[in-house]
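Residue numbers (our numbering): 589 to 835.
We treat Cβ as the ideally placed atom computed from N, Cα and C, and that holds for glycine.
In what follows, a structure is listed as structure tokens, so that the remarks can point back to it.
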């Protein structure tokens, strides 16, 4: 029913975290499979638990292309009705798949999301409630909770379980970072969805995460402005607001 798409370069310092991500998937009650887009990495480096799991498939790319491109190329390997993006150093909560899948199947909306938790090095977690309020949201409504590019993004991209056809219509953005901002506002602009007031995803807080890397801040403003304008324009087109000539 669900495919989890993960891009990874199988860096040594992330292999244990990738195994933890896989372990969190094995605790799910809903049927799933995973596609690991190997961003220029050899499949031989895949941790044994993943390599031995028939539910895990790999797409080995011949050279590094970046997370956005790797994830989008992996879309061709998805064969389930629903899809969830994930990072190789994070985890899902134990009920993440079932609670959102049940909501999707019972209501017929296009996407279902939840809250997320920051997972700290000492094992503790801190709940993050996204600016979008719980409940049903019509196409394009989620973007309205992103008041300006500098504000907190309106919804956690990896908390979204969505119909695969929607994700293919609004995949990762063509950015070196912030590509998932585009994915989130794109999918939520194309179909109605429901945000559940429960955590479904854990972001690992550690020195190796992308947001902690040197130079990350240099392009963050530009990435946010692009994704915000994309959501604004998409909403305007869908709602027949006419051309946006002022950018």
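What residue ranges within the stretch 612-641 form continuous alpha helix (DSSP H) runs of no fewer than 4 residues, ordered along the chain?
-> 636-639
Assigned exposure category for residue 820 - 16 Cβ within 10 Å defines buried = For this step, residue 820 is matched to residue 232 along the chain shown. It is buried - the Cβ of residue 820 has at least 16 other Cβ atoms within 10 Å.
Which stretch, first to last residue, makes up the alpha helix (DSSP H) that contains residue 777?
-> By 1-based counting over the chain shown, the position of residue 777 is 189. Unbroken alpha helix (DSSP H) run through residue 777: 767-778.
Tell me where the beta strand (DSSP E) around residue 738 begins and ends.
-> The residue labelled residue 738 in the question sits at position 150 within the chain shown. That residue, residue 738, is in no beta strand (DSSP E); it is neither H nor E in DSSP.
Contact between the stretch 773-791 and the stretch 734-750 (3+ Cβ pairs under 8 Å) = yes
Quick check: the stretch 710-722 against the stretch 756-765, are there 3 or more CB pairs under 8 Å?
-> no
Write down the C-beta distance between residue 812 and residue 738 rounded to the nearest angstrom, noting that I regard them as a contact closer than 8 Å.
-> Translated into positions along the chain shown, residue 812 becomes position 224. Translated into positions along the chain shown, residue 738 becomes position 150. About 7 Å separates the two Cβ atoms, so the contact holds.
The beta strand (DSSP E) with residue 784 in it runs from where to where?
-> Here residue 784 refers to the residue found at position 196 of the chain shown. Unbroken beta strand (DSSP E) run through residue 784: 781-792.
Rounded separation between residue 834 and residue 730 - CA only | Taking the chain shown and counting its residues from 1, the one referred to as residue 834 is at position 246. Taking the chain shown and counting its residues from 1, the one referred to as residue 730 is at position 142. Low local confidence applies: a pLDDT of 42 at residue 834 is under 50, so the model's placement there is unreliable, with the coordinate-based value given in what follows. Those two C-alpha atoms are separated by around 22 Å.
Grab me the residues of residue 673's own chain with a C-beta within less than 7 Å of its C-beta, minus the 5 sequence neighbours each way, in chain order.
-> Counting from 1 along the chain shown, the entry for residue 673 is found at position 85. The residues are 593, 659, 745, 746, 768, 771.
Whole-Å CB distance - residue 755 paired with residue 807, under 8 Å assumed = Within the chain shown, the letter at position 167 stands for residue 755. Within the chain shown, the letter at position 219 stands for residue 807. The Cβ separation is near 24 Å, so there is no contact.
On a CA-only basis, which of 735, 685, 698, 668 is nearest residue 727? Give me that one, please.
-> Looking up residue 727 in the chain shown gives position 139. Ranking 735, 685, 698, 668 by Cα distance to residue 727 puts 698 first.
Please state whether DSSP places residue 758 in a helix, a strand or coil.
-> Residue 758 sits at position 170 when you count from the first residue of the chain shown. DSSP places residue 758 in coil when its eight states are reduced to three.
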